[in-house]
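Each remark here refers to the structure printed beneath this line.
Numbering (the working numbering), first residue to last: 1 to 354.
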(Lines of atoms letter the chains of each structure in order from A and count residues from 1; the text may use other names and numbers.)
(Lines give C-alpha, C1' and ligand atoms only; values in the text may rest on other atoms or scores of the structure.)
Protein backbone atom coordinates (compact mmCIF):
# COMPACT_ATOMS: atom_id res chain seq x y z
CA UNK A 1 0.00 0.00 0.00
CA UNK A 2 1.34 3.43 -1.01
CA UNK A 3 2.19 5.67 1.92
CA UNK A 4 0.71 9.14 1.78
CA UNK A 5 0.77 12.48 3.57
CA UNK A 6 -1.88 15.17 3.93
CA UNK A 7 -1.75 18.30 1.79
CA UNK A 8 -3.84 21.46 2.03
CA UNK A 9 -5.79 22.27 -1.11
CA UNK A 10 -8.56 24.35 -2.62
CA UNK A 11 -11.15 22.57 -4.71
CA UNK A 12 -14.79 22.03 -5.66
CA UNK A 13 -17.14 19.37 -4.30
CA UNK A 14 -19.61 19.59 -7.20
CA UNK A 15 -20.18 21.51 -10.47
CA UNK A 16 -22.15 24.19 -8.63
CA UNK A 17 -20.11 24.36 -5.41
CA UNK A 18 -17.81 27.23 -4.56
CA UNK A 19 -14.14 26.44 -4.32
CA UNK A 20 -13.23 25.82 -0.71
CA UNK A 21 -10.38 24.50 1.48
CA UNK A 22 -10.01 20.74 1.74
CA UNK A 23 -7.40 18.14 2.60
CA UNK A 24 -6.01 15.69 0.03
CA UNK A 25 -3.50 12.85 0.12
CA UNK A 26 -0.18 12.97 -1.73
CA UNK A 27 2.08 9.94 -2.09
CA UNK A 28 5.35 9.81 -0.18
CA UNK A 29 8.20 10.27 -2.69
CA UNK A 30 9.49 7.10 -4.33
CA UNK A 31 13.03 6.65 -5.71
CA UNK A 32 12.36 8.75 -8.84
CA UNK A 33 10.02 11.31 -7.31
CA UNK A 34 10.35 15.00 -6.54
CA UNK A 35 8.30 16.48 -3.69
CA UNK A 36 7.58 20.14 -4.45
CA UNK A 37 6.31 22.72 -2.00
CA UNK A 38 4.08 24.76 -4.29
CA UNK A 39 4.62 28.51 -4.25
CA UNK A 40 2.45 29.65 -7.15
CA UNK A 41 -0.17 28.15 -9.45
CA UNK A 42 -1.64 29.79 -12.53
CA UNK A 43 -5.38 29.80 -13.16
CA UNK A 44 -6.14 28.47 -16.64
CA UNK A 45 -9.55 28.67 -18.32
CA UNK A 46 -9.41 24.86 -18.50
CA UNK A 47 -9.60 24.86 -14.70
CA UNK A 48 -12.95 26.60 -14.88
CA UNK A 49 -14.26 24.21 -17.54
CA UNK A 50 -13.17 21.21 -15.49
CA UNK A 51 -14.48 22.46 -12.14
CA UNK A 52 -17.88 23.18 -13.68
CA UNK A 53 -17.92 19.84 -15.56
CA UNK A 54 -18.30 21.65 -18.88
CA UNK A 55 -16.31 18.96 -20.71
CA UNK A 56 -18.45 16.10 -19.40
CA UNK A 57 -18.83 14.53 -22.85
CA UNK A 58 -15.06 14.19 -23.27
CA UNK A 59 -13.50 14.40 -19.80
CA UNK A 60 -16.14 14.16 -17.06
CA UNK A 61 -15.07 15.66 -13.76
CA UNK A 62 -14.58 13.51 -10.69
CA UNK A 63 -15.24 15.33 -7.40
CA UNK A 64 -13.74 16.65 -5.30
CA UNK A 65 -11.79 18.40 -8.06
CA UNK A 66 -8.53 20.19 -7.28
CA UNK A 67 -7.45 21.99 -10.47
CA UNK A 68 -4.18 23.63 -11.42
CA UNK A 69 -1.53 22.70 -14.01
CA UNK A 70 0.69 25.79 -14.03
CA UNK A 71 2.76 24.94 -10.97
CA UNK A 72 5.97 26.46 -9.66
CA UNK A 73 7.48 25.59 -6.30
CA UNK A 74 10.55 24.73 -4.27
CA UNK A 75 11.91 21.19 -4.13
CA UNK A 76 11.44 19.87 -0.58
CA UNK A 77 12.53 16.23 -0.96
CA UNK A 78 13.95 14.02 -3.69
CA UNK A 79 13.95 10.26 -4.14
CA UNK A 80 17.16 8.25 -3.93
CA UNK A 81 17.50 7.90 -7.71
CA UNK A 82 16.69 11.50 -8.67
CA UNK A 83 19.50 13.09 -10.68
CA UNK A 84 18.16 16.40 -12.06
CA UNK A 85 16.94 18.09 -8.88
CA UNK A 86 18.12 18.83 -5.37
CA UNK A 87 16.39 20.27 -2.32
CA UNK A 88 15.90 24.02 -2.70
CA UNK A 89 15.66 24.08 -6.51
CA UNK A 90 12.82 26.06 -8.09
CA UNK A 91 10.90 23.61 -10.25
CA UNK A 92 7.78 23.51 -12.39
CA UNK A 93 5.03 21.05 -13.29
CA UNK A 94 2.70 21.55 -16.22
CA UNK A 95 -0.28 19.70 -17.64
CA UNK A 96 1.17 16.18 -17.39
CA UNK A 97 2.65 14.11 -14.58
CA UNK A 98 3.27 10.84 -16.47
CA UNK A 99 2.79 8.97 -19.75
CA UNK A 100 3.36 5.44 -21.07
CA UNK A 101 6.96 6.40 -22.02
CA UNK A 102 7.15 3.53 -24.53
CA UNK A 103 5.08 4.61 -27.55
CA UNK A 104 6.78 6.36 -30.51
CA UNK A 105 5.43 9.75 -29.42
CA UNK A 106 6.76 9.45 -25.88
CA UNK A 107 10.13 8.25 -27.11
CA UNK A 108 10.29 11.25 -29.45
CA UNK A 109 9.68 13.64 -26.55
CA UNK A 110 6.06 14.33 -27.50
CA UNK A 111 4.49 12.92 -24.34
CA UNK A 112 1.45 15.14 -24.83
CA UNK A 113 0.49 12.89 -27.75
CA UNK A 114 1.04 9.63 -25.85
CA UNK A 115 -0.74 6.77 -27.63
CA UNK A 116 -2.56 5.78 -24.44
CA UNK A 117 -3.02 9.37 -23.20
CA UNK A 118 -0.68 11.13 -20.79
CA UNK A 119 -1.58 11.23 -17.11
CA UNK A 120 -2.88 14.75 -16.65
CA UNK A 121 -2.01 16.75 -13.57
CA UNK A 122 -5.57 16.70 -12.29
CA UNK A 123 -8.81 14.77 -12.81
CA UNK A 124 -7.08 11.74 -14.30
CA UNK A 125 -6.77 8.23 -12.80
CA UNK A 126 -3.98 8.17 -10.20
CA UNK A 127 -2.12 4.86 -10.41
CA UNK A 128 -0.25 5.54 -7.17
CA UNK A 129 -2.91 6.32 -4.57
CA UNK A 130 -6.14 5.56 -6.44
CA UNK A 131 -8.92 7.98 -7.30
CA UNK A 132 -7.86 10.87 -9.52
CA UNK A 133 -4.87 13.17 -9.66
CA UNK A 134 -5.07 16.49 -7.84
CA UNK A 135 -3.55 19.67 -9.23
CA UNK A 136 -1.69 22.73 -8.09
CA UNK A 137 -4.35 24.53 -6.09
CA UNK A 138 -2.56 22.91 -3.14
CA UNK A 139 0.54 23.35 -1.01
CA UNK A 140 2.45 20.31 -2.29
CA UNK A 141 2.74 17.86 -5.16
CA UNK A 142 4.84 14.75 -5.79
CA UNK A 143 5.84 14.04 -9.40
CA UNK A 144 8.30 11.74 -11.17
CA UNK A 145 11.38 13.79 -12.05
CA UNK A 146 10.88 12.96 -15.75
CA UNK A 147 7.86 15.28 -15.69
CA UNK A 148 9.39 18.12 -13.69
CA UNK A 149 11.21 21.06 -15.28
CA UNK A 150 13.75 23.54 -13.93
CA UNK A 151 12.65 27.17 -13.65
CA UNK A 152 15.62 29.33 -14.67
CA UNK A 153 16.88 31.81 -12.10
CA UNK A 154 16.17 34.75 -14.41
CA UNK A 155 12.38 34.35 -14.29
CA UNK A 156 10.14 35.56 -11.45
CA UNK A 157 8.61 32.30 -10.14
CA UNK A 158 5.10 33.80 -9.94
CA UNK A 159 5.27 35.01 -13.55
CA UNK A 160 6.83 31.71 -14.63
CA UNK A 161 3.81 29.64 -13.50
CA UNK A 162 1.59 30.39 -16.53
CA UNK A 163 4.43 29.45 -18.85
CA UNK A 164 3.77 25.81 -17.88
CA UNK A 165 0.55 25.91 -19.93
CA UNK A 166 -0.01 29.24 -21.71
CA UNK A 167 3.68 29.51 -22.55
CA UNK A 168 4.27 26.03 -23.91
CA UNK A 169 0.89 25.87 -25.66
CA UNK A 170 1.90 28.82 -27.83
CA UNK A 171 5.64 28.12 -28.05
CA UNK A 172 5.20 24.57 -29.37
CA UNK A 173 3.27 25.41 -32.57
CA UNK A 174 5.44 28.46 -33.26
CA UNK A 175 8.50 26.20 -33.11
CA UNK A 176 6.90 23.28 -34.97
CA UNK A 177 5.85 25.50 -37.89
CA UNK A 178 9.31 27.14 -37.82
CA UNK A 179 8.18 30.71 -37.25
CA UNK A 180 11.04 33.18 -37.47
CA UNK A 181 12.48 36.26 -39.22
CA UNK A 182 10.71 37.17 -42.44
CA UNK A 183 7.40 35.62 -41.36
CA UNK A 184 4.21 37.57 -40.91
CA UNK A 185 2.37 36.00 -37.99
CA UNK A 186 -1.20 36.63 -36.84
CA UNK A 187 -2.37 35.99 -33.29
CA UNK A 188 -6.14 35.66 -32.87
CA UNK A 189 -7.20 36.79 -29.41
CA UNK A 190 -5.27 38.56 -26.67
CA UNK A 191 -5.89 36.60 -23.49
CA UNK A 192 -3.74 34.29 -21.39
CA UNK A 193 -2.54 32.35 -24.44
CA UNK A 194 -2.57 35.22 -26.92
CA UNK A 195 -0.44 37.57 -24.87
CA UNK A 196 2.29 34.91 -24.61
CA UNK A 197 2.01 34.14 -28.33
CA UNK A 198 2.72 37.80 -29.11
CA UNK A 199 5.78 37.90 -26.85
CA UNK A 200 7.18 34.62 -28.14
CA UNK A 201 6.61 35.26 -31.85
CA UNK A 202 8.19 38.72 -31.53
CA UNK A 203 11.22 37.22 -29.75
CA UNK A 204 11.53 34.67 -32.57
CA UNK A 205 11.92 37.54 -35.02
CA UNK A 206 8.51 37.47 -36.72
CA UNK A 207 6.36 40.43 -37.74
CA UNK A 208 3.42 40.04 -35.35
CA UNK A 209 -0.15 41.19 -35.90
CA UNK A 210 -2.94 40.76 -33.33
CA UNK A 211 -6.54 40.12 -34.39
CA UNK A 212 -8.98 41.23 -31.72
CA UNK A 213 -12.67 42.10 -31.40
CA UNK A 214 -11.83 44.77 -28.82
CA UNK A 215 -10.43 48.16 -29.75
CA UNK A 216 -9.47 48.68 -26.10
CA UNK A 217 -6.84 45.93 -26.46
CA UNK A 218 -4.91 47.78 -29.18
CA UNK A 219 -2.57 49.63 -26.83
CA UNK A 220 -1.85 46.50 -24.79
CA UNK A 221 -1.11 44.44 -27.90
CA UNK A 222 1.42 46.99 -29.12
CA UNK A 223 2.98 47.22 -25.66
CA UNK A 224 3.33 43.43 -25.53
CA UNK A 225 5.27 43.47 -28.80
CA UNK A 226 2.78 43.36 -31.67
CA UNK A 227 3.73 45.41 -34.73
CA UNK A 228 0.11 45.97 -35.72
CA UNK A 229 -3.45 45.32 -34.52
CA UNK A 230 -6.47 44.49 -36.66
CA UNK A 231 -10.00 44.87 -35.36
CA UNK A 232 -11.62 41.69 -36.69
CA UNK A 233 -15.06 43.34 -36.73
CA UNK A 234 -13.77 45.95 -39.19
CA UNK A 235 -14.52 44.47 -42.63
CA UNK A 236 -12.30 46.98 -44.44
CA UNK A 237 -9.33 46.29 -42.16
CA UNK A 238 -9.77 42.53 -42.61
CA UNK A 239 -10.08 42.93 -46.40
CA UNK A 240 -6.83 44.88 -46.54
CA UNK A 241 -4.85 41.94 -45.10
CA UNK A 242 -6.19 39.12 -47.29
CA UNK A 243 -3.56 36.64 -48.38
CA UNK A 244 -0.65 38.26 -46.52
CA UNK A 245 0.07 35.97 -43.54
CA UNK A 246 2.50 33.07 -43.38
CA UNK A 247 1.13 31.72 -40.12
CA UNK A 248 -1.83 32.40 -37.83
CA UNK A 249 -2.17 31.10 -34.27
CA UNK A 250 -5.79 31.04 -33.11
CA UNK A 251 -6.00 31.15 -29.30
CA UNK A 252 -9.75 31.77 -28.94
CA UNK A 253 -12.00 29.19 -27.25
CA UNK A 254 -15.30 31.00 -27.85
CA UNK A 255 -17.24 30.21 -31.05
CA UNK A 256 -15.95 32.31 -33.98
CA UNK A 257 -15.53 32.20 -37.75
CA UNK A 258 -12.36 30.32 -38.73
CA UNK A 259 -12.93 31.14 -42.40
CA UNK A 260 -12.36 34.88 -41.91
CA UNK A 261 -8.82 34.13 -40.70
CA UNK A 262 -8.04 31.38 -43.21
CA UNK A 263 -8.58 33.97 -45.95
CA UNK A 264 -5.74 36.01 -44.47
CA UNK A 265 -3.18 33.29 -45.27
CA UNK A 266 -0.81 33.28 -48.20
CA UNK A 267 -0.38 30.34 -50.55
CA UNK A 268 0.87 27.46 -48.36
CA UNK A 269 0.11 29.40 -45.19
CA UNK A 270 -0.89 27.61 -42.00
CA UNK A 271 -3.46 28.39 -39.33
CA UNK A 272 -3.13 26.45 -36.08
CA UNK A 273 -5.74 26.16 -33.36
CA UNK A 274 -4.81 26.10 -29.67
CA UNK A 275 -8.15 27.46 -28.47
CA UNK A 276 -10.90 24.84 -28.41
CA UNK A 277 -14.50 25.96 -29.07
CA UNK A 278 -16.88 23.42 -27.54
CA UNK A 279 -19.12 23.19 -30.62
CA UNK A 280 -18.19 22.27 -34.24
CA UNK A 281 -17.35 25.25 -36.45
CA UNK A 282 -18.35 25.51 -40.16
CA UNK A 283 -15.39 25.34 -42.53
CA UNK A 284 -15.16 26.75 -46.07
CA UNK A 285 -13.10 24.03 -47.73
CA UNK A 286 -12.47 25.94 -50.97
CA UNK A 287 -10.46 28.47 -49.00
CA UNK A 288 -8.05 25.66 -48.18
CA UNK A 289 -8.05 24.01 -51.59
CA UNK A 290 -7.41 27.00 -53.83
CA UNK A 291 -4.48 28.36 -51.81
CA UNK A 292 -3.07 25.07 -50.52
CA UNK A 293 -3.61 26.40 -47.02
CA UNK A 294 -3.38 24.22 -43.94
CA UNK A 295 -5.55 24.15 -40.83
CA UNK A 296 -3.99 22.36 -37.88
CA UNK A 297 -4.08 21.97 -34.15
CA UNK A 298 -1.54 21.74 -31.36
CA UNK A 299 -1.64 20.55 -27.75
CA UNK A 300 0.72 21.91 -25.08
CA UNK A 301 4.24 20.49 -25.61
CA UNK A 302 6.52 17.70 -24.44
CA UNK A 303 8.70 17.93 -21.35
CA UNK A 304 11.93 18.53 -23.28
CA UNK A 305 10.26 21.27 -25.31
CA UNK A 306 8.79 22.82 -22.15
CA UNK A 307 12.29 23.11 -20.69
CA UNK A 308 13.47 24.62 -23.97
CA UNK A 309 10.63 27.16 -23.78
CA UNK A 310 11.53 28.17 -20.22
CA UNK A 311 15.18 28.60 -21.20
CA UNK A 312 14.12 30.67 -24.23
CA UNK A 313 11.97 32.90 -22.03
CA UNK A 314 14.82 33.40 -19.57
CA UNK A 315 17.20 34.29 -22.41
CA UNK A 316 14.79 36.85 -23.87
CA UNK A 317 13.45 38.25 -20.60
CA UNK A 318 9.92 36.92 -21.16
CA UNK A 319 7.29 35.94 -18.59
CA UNK A 320 3.52 36.12 -18.21
CA UNK A 321 1.68 39.29 -17.22
CA UNK A 322 -0.16 38.28 -14.06
CA UNK A 323 -2.47 39.31 -11.25
CA UNK A 324 -1.42 37.60 -8.01
CA UNK A 325 -4.42 36.50 -5.94
CA UNK A 326 -5.22 34.68 -2.66
CA UNK A 327 -7.01 31.33 -2.98
CA UNK A 328 -10.07 32.76 -1.23
CA UNK A 329 -10.75 34.94 -4.30
CA UNK A 330 -10.85 32.08 -6.80
CA UNK A 331 -14.62 32.13 -7.34
CA UNK A 332 -14.47 35.86 -7.97
CA UNK A 333 -11.60 35.34 -10.38
CA UNK A 334 -13.45 32.56 -12.23
CA UNK A 335 -16.34 35.02 -12.74
CA UNK A 336 -13.90 37.63 -14.05
CA UNK A 337 -12.33 35.09 -16.42
CA UNK A 338 -15.71 34.43 -18.00
CA UNK A 339 -15.96 38.16 -18.70
CA UNK A 340 -12.40 38.33 -20.02
CA UNK A 341 -11.48 40.62 -17.14
CA UNK A 342 -7.88 39.59 -16.52
CA UNK A 343 -4.53 40.89 -17.76
CA UNK A 344 -3.52 38.28 -18.55
CA UNK A 345 -3.33 35.41 -16.09
CA UNK A 346 -4.43 35.00 -12.49
CA UNK A 347 -1.81 33.30 -10.33
CA UNK A 348 -2.57 31.95 -6.86
CA UNK A 349 -0.17 32.82 -4.07
CA UNK A 350 -0.19 29.40 -2.40
CA UNK A 351 1.01 30.94 0.87
CA UNK A 352 -2.63 32.10 1.18
CA UNK A 353 -3.68 28.47 1.75
CA UNK A 354 -1.83 28.47 5.05
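The C-beta atom is built at its ideal place from N, Cα and C for all residues, glycine as well.
Keep in mind the model is a prediction, meaning the values are calculated, not measured.
As assigned by DSSP and simplified to three states, the class of residue i
{"i": "residue 162", "result": "helix"}
{"i": "residue 22", "result": "strand"}
{"i": "residue 190", "result": "coil"}
{"i": "residue 168", "result": "helix"}
{"i": "residue 59", "result": "coil"}
{"i": "residue 175", "result": "helix"}
{"i": "residue 15", "result": "coil"}
{"i": "residue 303", "result": "helix"}
{"i": "residue 334", "result": "helix"}
{"i": "residue 323", "result": "strand"}
{"i": "residue 242", "result": "coil"}
{"i": "residue 273", "result": "strand"}
{"i": "residue 247", "result": "strand"}
{"i": "residue 265", "result": "strand"}
Beta-bridge partners of residue i, as assigned by DSSP
{"i": "residue 40", "result": "72 and 349"}
{"i": "residue 354", "result": "DSSP lists no partner for residue 354."}
{"i": "residue 96", "result": "120"}
{"i": "residue 144", "result": "33"}
{"i": "residue 228", "result": "209"}
{"i": "residue 90", "result": "74"}
{"i": "residue 102", "result": "Answer by DSSP bridge pairing: none, since residue 102 is not bridged."}
Beta carbon of residue i nearer than 8 Å to that of residue j
{"i": "residue 269", "j": "residue 251", "result": "no"}
{"i": "residue 347", "j": "residue 324", "result": "yes"}
{"i": "residue 168", "j": "residue 305", "result": "yes"}
{"i": "residue 136", "j": "residue 44", "result": "no"}
{"i": "residue 314", "j": "residue 154", "result": "yes"}
{"i": "residue 58", "j": "residue 123", "result": "no"}
{"i": "residue 72", "j": "residue 12", "result": "no"}
{"i": "residue 134", "j": "residue 300", "result": "no"}
{"i": "residue 373", "j": "residue 139", "result": "The question about residue 373 has no answer here: the residues shown for the chain are numbered 1 through 354."}
{"i": "residue 84", "j": "residue 28", "result": "no"}
{"i": "residue 90", "j": "residue 157", "result": "yes"}
{"i": "residue 69", "j": "residue 2", "result": "no"}
{"i": "residue 163", "j": "residue 309", "result": "yes"}
{"i": "residue 196", "j": "residue 115", "result": "no"}
{"i": "residue 298", "j": "residue 172", "result": "yes"}
{"i": "residue 221", "j": "residue 212", "result": "yes"}
{"i": "residue 18", "j": "residue 349", "result": "no"}
{"i": "residue 209", "j": "residue 228", "result": "yes"}
Buried or exposed by the 16-neighbour rule on C-beta atoms within 10 Å, applied to residue i
{"i": "residue 293", "result": "buried"}
{"i": "residue 101", "result": "exposed"}
{"i": "residue 202", "result": "buried"}
{"i": "residue 118", "result": "buried"}
{"i": "residue 318", "result": "buried"}
{"i": "residue 215", "result": "exposed"}
{"i": "residue 289", "result": "exposed"}
{"i": "residue 267", "result": "exposed"}
{"i": "residue 191", "result": "buried"}
{"i": "residue 112", "result": "buried"}
{"i": "residue 415", "result": "Nothing can be reported for residue 415: it is not among the residues displayed for the chain, which extend from 1 to 354."}
{"i": "residue 110", "result": "buried"}
{"i": "residue 88", "result": "exposed"}
{"i": "residue 307", "result": "buried"}
{"i": "residue 98", "result": "buried"}
Short CB-CB distance (under 8 Å) between residue i and chain C
{"i": "residue 331", "result": "In the displayed structure, chain C is absent; only one protein chain is listed."}
Can you find at least 3 beta carbon pairs, one from the segment 72 to 81 and one from the segment 24 to 37, that sit closer than 8 Å? Segments in contact, yes.
Does the segment 331 to 342 touch the segment 137 to 154, meaning 3 or more C-beta pairs lie closer than 8 Å? Touching, no, given that fewer than three Cβ pairs across the two stretches are closer than 8 Å.
Flag this pair as touching only if the segment 271 to 288 and the segment 248 to 263 have three or more C-beta atom pairs under 8 Å; answer yes or no. yes
Contact between the segment 232 to 249 and the segment 181 to 189: three or more CB pairs below 8 Å? yes
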